[in-house]
């Protein structure tokens with residue numbers, strides 16, 4: 001039984017880690033920290049856990065955390081990088097759900113997060129937590145930087161096309177939309193029900209923090225420096241990310257069936273990537289609460305473009321589920337352990 | 001491994017039976033019928049099941065159904081009563097999620113459902129599927145009439161007060177509200193997103209089909225004929241029933257702690273009833289996708305009333321989860337088998 | 001043309017005053033204050049007003065405000081009472097949308113709002129802004145305390161029954177539900193989309209600030225001290241209040257048609273109260289954005305109760321629309337001036 | 001006072017025509033037809049109109065309709081083309097909100113709507129109801145084919161760029177999303193609350209009926225045959241269309257300010273097109289219930305693309321508001337008459 005510690009348990013990714021880990025066959029939550037709620041029973045904050053988890057939030061304590069087999073950081077950016085070096089030194093293995101170790105280039109990170117990076121030396125070591133691509137590096141990893149919610153859907157959706165150099169690298173567009181839970185559990189006017197419901201808008205079109213992470217992954221796939229146009233939108237719903245990905249085919253004569261075959265083969269060993277039949281339109285609700293990423297391919301009429309549709313639950317495959325998938329692979333467990341939940345539909 | 005048959009698998013209670021049974025440790029779905037969708041793969045209709053269930057809808061066939069250990073009817077009222085006699089004769093055990101066998105009085109049933117009952121002789125035999133009350137009758141039951149969604153919350157919420165004769169039987173009011181999934185998956189203008197979203201209304205205040213079922217249960221609890229005022233409302237959300245129950249205390253001096261103790265004791269062996277701490281307000285989202293019913297007690301100021309708040313997922317504890325809870329008890333399985341899912345929150 | 005000043009223009013009642021006043025034939029907004037947003041263009045905060053209102057928020061300034069014909073306070077409680085005495089002294093007339101002057105009894109006010117009242121001497125003078133009842137006092141009023149959102153629906157729904165002493169004064173129950181906009185535009189975790197959507201709950205069942213205001217009004221109607229059980233609930237929608245009101249008839253033999261006639265007659269001169277035909281269930285969406293309160297009467301079967309259903313838009317008839325209705329009457333304008341908007345449906 | 005007739009008044013565009021026309025200073029609704037609801041009071045179906053409109057649905061009657069100054073068709077496609085020839089002959093002027101007369105090429109129309117066109121000879125005469133572009137043709141028009149909801153936002157958003165040949169005509173992408181009211185008031189499982197809420201998906205990516213209409217307009221703007229990739233999505237909200245438009249600049253060095261100036265100038269006389277300040281992200285709620293189309297321009301980093309964001313209310317600027325704007329211009333009224341409503345926000 002793996003002993004798990006969670007730092008920052010009062011946000012939505014923390015709550016989602018708990019929901020999954022409570023039923024995980026090979027892991028148990030040993031401690032969960034929160035400066036603000038130390039001493040409070042977890043099920044007081046999240047009544048959905050009443051009767052299933054008997055644990056209180058505690059103050060973060062490096063020694064106790066280091067006694068865990070694995071420590072998750074479910075914190076805003078800028079927290080993990082201040083604690084991780086010490087934890088690693090103490091022998092812990094760390095899975096960071098925040099953005100602190102995602103970008104290899106410390107200078108680029110600083111530009112977007114407006115801070116000096118505290119431990120740039122760890123950036124090279126950190127394994128990018130996208131198990132479908134970097135799964136073989138996880139068993140040895142001390143530090144995993146989980147892929148972000150938008151980047152997971154966008155990178156996996158474009159990956160086979162870039163890897164096979166089937167599309168014009170200069171033509172990539174990701175028009176994506178996220179439910180509000182992606183913004184976390186902070187009290188902000190912009191995320192009030194009254195501001196979000198019955199409303200839809202784009203945001204950050206001229207610049208968004210996920211851009212460098214997306215481009216880094218796409219560049220790895222392409223084998224050269226690549227940049228996509230990324231336009232995120234805010235959806236009036238709680239959970240779910242949907243990405244509509246556009247790319248110009250180098251050879252417009254390529255048949256959609258060939259692309260379909262390419263995707264099916266590329267992800268045949270990926271238990272959480274579902275390449276749907278041709279003609280499908282994946283719905284976010286079909287993955288709500290589940291760790292699946294569903295993909296579907298289209299060729300719009302009168303065009304040399306391919307369109308990839310991608311749907312995931314931003315809190316599961318886009319965050320906590322993916323983190324546990326990484327944990328499973330790090331510790332030699334079944335990749336799917338604890339991650340079998342079927343979407344609650346309707 | 002129990003072999004399960006489902007009649008009428010294309011509605012929401014059918015889909016919910018599937019979601020739960022796919023992960024049930026002691027049961028497997030052997031067949032699922034639908035006249036309209038016969039031949040169609042189940043996961044084509046419910047893509048949330050892709051990769052988890054490899055089954056097609058079939059035409060209903062009594063012989064094949066009778067070969068199952070248990071047959072669920074997830075059909076509109078008026079269907080089960082036409083097939084159940086034959087199935088029972090063939091040796092099957094039946095759990096009906098519809099209203100066909102809930103009312104003991106065939107004449108009363110006919111008044112509300114505007115049909116002659118086809119097999120009134122079975123009404124006496126049918127066990128009312130409210131396991132917290134009638135659980136001991138389930139192991140011998142051939143035919144179970146699952147309690148309805150509103151009646152489950154309202155009857156269990158009032159039960160200890162009536163049983164102990166602590167309240168004026170003439171003072172019962174149930175102001176309740178349901179998510180739209182309670183209305184099923186039929187194409188009706190009234191249940192369109194455009195009609196329901198950003199809207200709230202009462203309905204059926206002068207008469208609603210759940211009234212006789214509610215009163216029947218309350219009368220069993222009270223040991224005499226009792227009738228409550230029942231006002232249902234339609235909520236702009238998918239899942240969840242909330243009932244606010246009012247009753248006048250016979251002795252206004254009774255302390256809230258005594259009532260709390262009464263409820264805790266009454267339900268101490270009920271794994272799916274959660275009597276929350278005093279002062280709580282149960283949220284429907286805390287049970288979304290789970291089989292829990294959460295209750296909380298209040299004494300409003302300057303009043304001789306007690307208020308009981310009740311929250312459940314209408315498709316789980318109010319329908320399919322309760323049906324599987326009944327199945328577990330009928331077949332000597334663990335009452336909680338397959339029903340451990342934690343609410344997806346947020 | 002009336003010159004209008006608004007104090008506290010960045011909340012939802014402030015925005016709603018603007019939406020209505022921009023098209024009011026006899027009034028114009030002269031100034032709108034906000035400490036936090038002084039200097040910012042109003043349409044930057046509320047882009048819905050782009051092209052229709054060319055005004056900036058300013059720092060509150062008593063002298064400038066006093067130069068207006070009427071000053072609205074669209075502020076949290078506790079703000080108006082600190083400025084109103086000075087404004088009245090300077091000759092202004094004031095319409096307060098907050099709770100500061102609603103309760104006649106300063107001690108009672110202090111118990112619920114946990115503050116000493118700053119100017120208890122004005123409580124007697126303040127006219128309670130429920131125009132259907134106190135309209136004749138408005139032409140002379142210097143200070144109007146607008147009725148709250150829940151109290152408006154509940155008091156008007158019960159009024160004719162109490163006034164005519166048709167119901168048991170000890171049996172009043174108000175089970176009511178509000179959209180989230182009733183909680184204002186403050187950044188609070190509880191009002192995030194992620195916390196409210198797909199969720200329903202009661203709150204404040206054991207005590208809520210609207211209770212003393214509701215009871216005060218009901219007592220005026222009854223001619224003696226009366227207290228109702230009030231249970232508010234939070235709806236997953238932006239706008240709308242719905243109240244389901246229960247009362248025991250003194251004479252259970254009274255026909256529903258008589259009650260219907262009573263209500264129609266009582267409100268025949270009230271342009272914003274719509275007594276719907278018998279059998280109706282008013283929907284909140286039918287009043288969204290409009291100043292109407294819709295009422296409908298029911299007699300539930302097997303009961304001596306009458307049920308009144310009431311629906312209003314909490315930001316219009318429950319706040320800003322009602323305030324402007326008061327203004328119209330204070331200044332001898334047409335009661336309906338500027339208040340003709342039809343609900344946007346769907 | 002214009003006498004207005006409406007054919008097909010029970011859908012959402014019919015209801016929206018009524019909402020606007022009831023307060024129109026120069027028009028009044030003389031008759032409204034519905035085969036299914038003939039004899040029923042309009043305010044029984046749409047209680048939002050109670051007290052404001054005293055009219056019953058009637059059977060369609062050509063003679064009576066022809067006596068109106070103008071007849072709106074708020075019907076599904078395929079209805080208007082069967083009645084319009086006769087009405088025109090009888091001297092009426094017609095504004096069709098359906099798709100029957102939008103496509104100039106009868107063969108193309110037949111391919112997408114799978115019917116023979118009944119009166120292809122009228123296609124040439126029909127004025128395309130996009131007043132910002134074809135306003136000068138409206139005063140003489142006998143027959144107006146109102147622009148569709150998606151096409152309005154997409155065509156106006158691309159227009160200045162195409163007209164000035166600033167972008168690669170082969171690079172146009174319209175990633176757009178609509179609220180559910182765009183699907184009308186028909187009872188369809190796909191549009192149930194339970195199917196749409198908490199869900200987001202693309203649809204018709206490989207082919208959608210609005211494609212030929214969009215391309216026809218874009219080709220007019222470009223002065224040559226142009227085709228865009230169009231991917232519609234379904235939003236979990238009632239009203240609103242948002243389009244995110246991508247195009248490759250022929251000269252990547254062009255400054256965003258120049259483009260901004262171009263748009264402001266192009267639409268300076270268009271009272272319902274709001275070119276927002278640089279950096280803006282138009283929200284659909286800022287136009288809910290209003291006839292505005294809001295546009296904003298962006299240059300994503302590291303790209304030679306321009307992104308245009310467009311937001312409108314699909315039932316107002318995308319349907320009934322636009323139809324009344326056309327009517328105003330046809331009859332020499334103020335373009336904005338009756339169309340001043342400000343969005344209800346929040």
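Protein chains in written order, with UniProt numbering: chain A, 1 to 346; chain B, 1 to 346; chain C, 1 to 346; chain D, 1 to 346. All residues carry an ideal CB built from backbone N, CA and C; glycine is no exception. All values derive from a computational prediction rather than experimental measurement.
Check: CB contact below 7 Å: residue 364/D versus chain A; Outcome: A question about residue 364/D goes unanswered here, because the residues of chain D that appear run from 1 up to 346.
Check: Beta strand (DSSP E) segment containing residue 149/A, residue limits; Outcome: It is not in any beta strand (DSSP E) - residue 149/A instead sits in the alpha helix (DSSP H) that spans 149-163.
Check: Sequence-distant residues of its chain with Cβ nearer than 8 Å to residue 249/A (five each side left out); Outcome: 166, 167, 168, 304, 305 and 306
Check: Residue 189/A classed as buried or exposed, judged by whether at least 16 other C-beta atoms fall within 10 angstroms; Outcome: exposed
Check: Limits of the unbroken alpha helix (DSSP H) element including residue 297/C; Outcome: Here residue 297/C belongs to no alpha helix (DSSP H); instead the beta strand (DSSP E) covers 293-298.
Check: Contact set between residue 238/A and chain C, taken where Cβ atoms lie within less than 8 Å; Outcome: 193, 194, 197 and 198
Check: Buried or exposed by the 16-neighbour rule on C-beta atoms within 10 Å, applied to residue 195/B; Outcome: buried
Check: Residue 8/B versus residue 184/B: straight-line alpha-carbon distance, rounded; Outcome: 12 Å
Check: Simplified DSSP assignment, three categories, for residue 81/C; Outcome: helix
Check: Per DSSP, cross-strand counterpart(s) of residue 309/A; Outcome: 244/A and 296/A
Check: Within chain D, the residues that residue 12/B reaches when beta carbons sit closer than 8 Å; Outcome: 194
Check: Distance CB(residue 24/D)-CB(residue 340/D) smaller than 7 Å; Outcome: no
Check: CA nearest to the CA of residue 301/C, picked from 207/B, 94/B and 81/B; Outcome: 207/B
Check: Residue 38/D - DSSP class collapsed to helix/strand/coil; Outcome: coil
Check: Residue 102/D and residue 142/D closer than 7 Å at C-beta; Outcome: no
Check: Proximity test, Cβ basis, 7 Å: residue 290/B and chain D; Outcome: no
Check: Residue 164/C Cβ short of 6 Å to the ligand NAD heavy atom set; Outcome: The model on display carries no ligand, and the ligand NAD is accordingly not part of it.
Check: Minimum Cβ-Cβ distance from residue 235/A to chain D less than 7 Å; Outcome: yes
Check: Residue burial classification, residue 217/C (beta-carbon count within 10 angstroms, cutoff 16); Outcome: buried
Check: Residue 79/A versus residue 100/A: straight-line alpha-carbon distance, rounded; Outcome: 8 Å
Check: Residue 231/B, DSSP secondary structure in three states; Outcome: strand
Check: Close Cβ partners of residue 106/C (< 8 Å) along its chain, the five nearest in sequence each way excluded; Outcome: 117, 120 and 123
Check: Sheet register partners of residue 93/B (DSSP bridge); Outcome: 70/B
Check: Cβ pair count under 8 Å reaching 3, the segment 44-56 of chain D against the segment 271-290 of chain C; Outcome: yes
Check: Within 7 Å, strictly: CB atoms of residue 275/D and residue 295/D; Outcome: yes
Check: Sequence-distant residues of the same chain with beta carbon closer than 7 Å to residue 86/B, five excluded per side; Outcome: 62
Check: Buried versus exposed, by CB contacts within 10 Å (16 or more), residue 30/D; Outcome: buried
Check: Residue closest to residue 257/B, alpha-carbon to alpha-carbon, out of 158/B, 278/B, 268/B and 330/B; Outcome: 278/B
Check: Cβ contact check for the segment 229-244 of chain D and the segment 325-332 of chain A: 3 or more pairs under 8 Å; Outcome: no
Check: Selection of the segment 177-193 of chain C by Cβ proximity to chain A, strictly under 7 Å; Outcome: 180, 181, 185, 187, 188, 189, 191, 192 and 193
Check: Contacts around residue 182/D, its chain only, beta-carbon distance under 6 Å, and the 5 residues preceding and following it disregarded; Outcome: 149 and 314
Check: Alpha-carbon to alpha-carbon, residue 160/D and residue 265/D; Outcome: 10 Å
Check: Per DSSP, the bridge partner or partners of residue 6/D; Outcome: 32/D and 72/D
Check: Which of helix, strand or coil DSSP assigns to residue 62/A; Outcome: helix
Check: Residue closest to residue 147/B, alpha-carbon to alpha-carbon, out of 262/B, 132/B and 247/B; Outcome: 132/B
Check: Same chain only: Cβ atoms within 7 Å of residue 212/C, ignoring 5 sequence neighbours per side; Outcome: 103, 108 and 112
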